[in-house]
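K.L.:
When we follow our numbering, the leftmost residue of the sequence shown carries the number 12, and every step to the right adds one. All residues carry an ideal CB built from backbone N, CA and C; glycine is no exception. None of the values given here were measured: they were computed from a predicted structure. Okay, here's the structure, questions in a sec.
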Amino acid sequence: MNDYHRLTSDQLAALAGGAGDVSAIAELNASRVSIHLLLLVHIVRSWLGEPAERDTAVAVLAACQDADPDRIARLIGDPMVGAWLSRTSREKSRPGEFLQLGNLAAAAAVESGRGCRVTGWAHRGRMVLPTLGTAVLDDEASGPVRIDTSGGLTVTSASGVATALVEGVTWWPLRRLRARHGGQECSVRLEDASPYRDGYHAPPSERLDDAEAAYWQEQFDRAWQLICRYLPERATEIALGLRAVVPLADMRDRSSRSATARESVGAMGVSRPASAEDFAVTIVHEFAHSKLSAVIDVEPLYRPGGTERHHAPWKKDKRPTSGLFQGVFAFLHVAEAWRRLAAEPDLAEVACAQFTELREQVSVAYRSLAASRELTVAGAEFVEVLGTSLRRLLDAPVTPGRAGPC
Numbered sequence: 012m013n014d015y016h017r018l019t020s021d022q023l024a025a026l027a028g029g030a031g032d033v034s035a036i037a038e039l040n041a042s043r044v045s046i047h048l049l050l051l052v053h054i055v056r057s058w059l060g061e062p063a064e065r066d067t068a069v070a071v072l073a074a075c076q077d078a079d080p081d082r083i084a085r086l087i088g089d090p091m092v093g094a095w096l097s098r099t100s101r102e103k104s105r106p107g108e109f110l111q112l113g114n115l116a117a118a119a120a121v122e123s124g125r126g127c128r129v130t131g132w133a134h135r136g137r138m139v140l141p142t143l144g145t146a147v148l149d150d151e152a153s154g155p156v157r158i159d160t161s162g163g164l165t166v167t168s169a170s171g172v173a174t175a176l177v178e179g180v181t182w183w184p185l186r187r188l189r190a191r192h193g194g195q196e197c198s199v200r201l202e203d204a205s206p207y208r209d210g211y212h213a214p215p216s217e218r219l220d221d222a223e224a225a226y227w228q229e230q231f232d233r234a235w236q237l238i239c240r241y242l243p244e245r246a247t248e249i250a251l252g253l254r255a256v257v258p259l260a261d262m263r264d265r266s267s268r269s270a271t272a273r274e275s276v277g278a279m280g281v282s283r284p285a286s287a288e289d290f291a292v293t294i295v296h297e298f299a300h301s302k303l304s305a306v307i308d309v310e311p312l313y314r315p316g317g318t319e320r321h322h323a324p325w326k327k328d329k330r331p332t333s334g335l336f337q338g339v340f341a342f343l344h345v346a347e348a349w350r351r352l353a354a355e356p357d358l359a360e361v362a363c364a365q366f367t368e369l370r371e372q373v374s375v376a377y378r379s380l381a382a383s384r385e386l387t388v389a390g391a392e393f394v395e396v397l398g399t400s401l402r403r404l405l406d407a408p409v410t411p412g413r414a415g416p417c
């Protein structure tokens, strides 16, 4: 358990019931910052490189944090920063990964408008500043680089080749997906640069060209309209908690894929969306996984290392309690999303069909989850609230082809 951060019983009940509790999402966001800071301290203490390089980067981060704590907390809490911290903490055999601390410090300096000179790391001629963008270097090797944010942004490779960063030429800023419906706005990063965006079951895409990025923006805007109109409580929490969408590479079978990773809570990997409704449901689905992962880091809902295995209708193999919990929680969100989307006339028939199938699948999996002996007290209470939501869905009438909620 994260002893510094707590979720009240009301917040846990709201999260389990799908109420979109603003205070709960804010607490989960704050808990990510604390977890990342603990990992950052571990990396600093386990440093494999030159101590002076570490100390300079730490001093820059500390100065930026003192000057603008909220901005730097948001940077440190970023999902791609979390992925770097988690992997580097586990895999201590690659000193180059530690030098990404300099990249983080330089990003903090740029965000704070401060000058700094730090040692960072470039991978195959690309140097990424978290949340900001990618420097395209003249030297295409991997290795340490000197990053200078004083009077512009300049990166010098180990061979002495200096690259002054010019937007669109040697500097590729990260793009954002932005949408607004009424008073509800959402802005998330289109993450196609970070070397730590590959933690999904499909590889990430290469950097998108402008036309493809525009397609993602169009689909995101249309998806956001659907979420806001039919799932306003989902819109509230997604706007607060979703930080990045990682485009996944097209697979040979052209199937739609999406995923989240425990080490990058707040991000989701998504294959090219085929339609606004699919994108909307995928966002709801994957954010539910991300949200539950954040909850479990604050309040364990099941005992770790359990040996129980459960049947889940959406998987061929039996699932541990952890996987079943994630599946029930996420697919309950998806079933509710399709039920609401049936109010969109053009989607009524397919939405009702999806809803009918999913609620039956969740019902089967829920019975197994509720019977698990590996749930904690908080987990059992959480599952009880999930059961209330499920019963409401099971009682909902279904009229395929009729405009309106199923």
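Excluding the 5 residues flanking S161 on each side, which residues of the same chain have their C-beta closer than 6 Å to its C-beta?
P.N.:
These residues qualify, in order along the chain: G126.
K.L.:
Provide the residue(s) that pair with L186 in DSSP beta bridges, ordered along the chain.
P.N.:
Note that residue 186 is Arg in the sequence shown, not Leu. L201.
K.L.:
Identify which residue in S198, S97, A364 and W182 has its Cα closest to the Cα of A235.
P.N.:
Checking the sequence shown, residue 235 turns out to be Trp, not Ala. When each option's Cα is compared against that of W235, the closest is S198.
K.L.:
Kindly indicate which residue of G390, I83, K327 and D66 has the alpha-carbon position closest to the one of A120.
P.N.:
When only C-alpha atoms are compared, the closest one is I83.
K.L.:
Could you pull the start and end residues of the beta strand (DSSP E) that A278 belongs to?
P.N.:
Counting along the chain, the beta strand (DSSP E) containing A278 begins and ends at A278 to V281.
K.L.:
Taking buried to mean at least 16 other C-beta atoms within 10 Å of its own C-beta, is T19 buried or exposed?
P.N.:
Exposed is the call here.
K.L.:
Taking only three categories from DSSP, how would you classify W325?
P.N.:
Of the three classes helix, strand and coil, the one that applies to W325 here is coil, per DSSP.
K.L.:
For D159, which residues does DSSP report across the bridge?
P.N.:
Its beta-bridge partners are R128 and T165.
K.L.:
Is it the case that the Cβ atoms of V166 and L148 are separated by a distance below 8 Å?
P.N.:
Cβ distance < 8 Å, so V166 and L148 count as in contact.
K.L.:
So, at 6 Å on beta carbons, what are the nonlocal neighbours of P243 in its own chain, with the 5 sequence-adjacent residues on each side left out?
P.N.:
So no residue of the chain qualifies.
K.L.:
Quick check: is any heavy atom of the ligand FAD less than 7 Å from the C-beta of R320?
P.N.:
Ligands in the displayed structure: none, and consequently the ligand FAD is not present.
K.L.:
Select from D209, R268 and V409 the residue whose C-alpha is nearest the C-alpha of V361.
P.N.:
Here the closest residue by C-alpha is V409.
K.L.:
With distance defined between alpha-carbon atoms, name the residue in P214, R254, L110 and G131 nearest to R86.
P.N.:
In the sequence under discussion, the amino acid at residue 86 is Leu, which differs from the Arg named in the question. Closest by alpha carbon: R254.
K.L.:
Along the beta strand (DSSP E) that carries M138, what are the first and last residues, could you check?
P.N.:
Counting along the chain, the beta strand (DSSP E) containing M138 begins and ends at R137 to L140.
K.L.:
Can the beta-carbon of E38 be found closer than 8 Å to that of H16?
P.N.:
Yes. Within cutoff.
K.L.:
Between the alpha carbons of G430 and Q372, how many angstroms are there, rounded?
P.N.:
Nothing about residue 430 can be reported from this structure: the residues present for the chain run from 12 to 417 only.
K.L.:
Taking Cβ to Cβ, would you say S275 is nearer than 8 Å to A94?
P.N.:
Taking 8 Å as the Cβ cut-off, S275 and A94 qualify as a contacting pair.
K.L.:
Pull up the DSSP beta-bridge partners for P215, would you.
P.N.:
Paired residue(s): L259.
K.L.:
For S379, collect the residues of the same chain with a Cβ closer than 7 Å to its Cβ; drop the 5 residues on either side in sequence, then sort them by chain order.
P.N.:
Taken in chain order, the residues that qualify are H321, H322 and L335.
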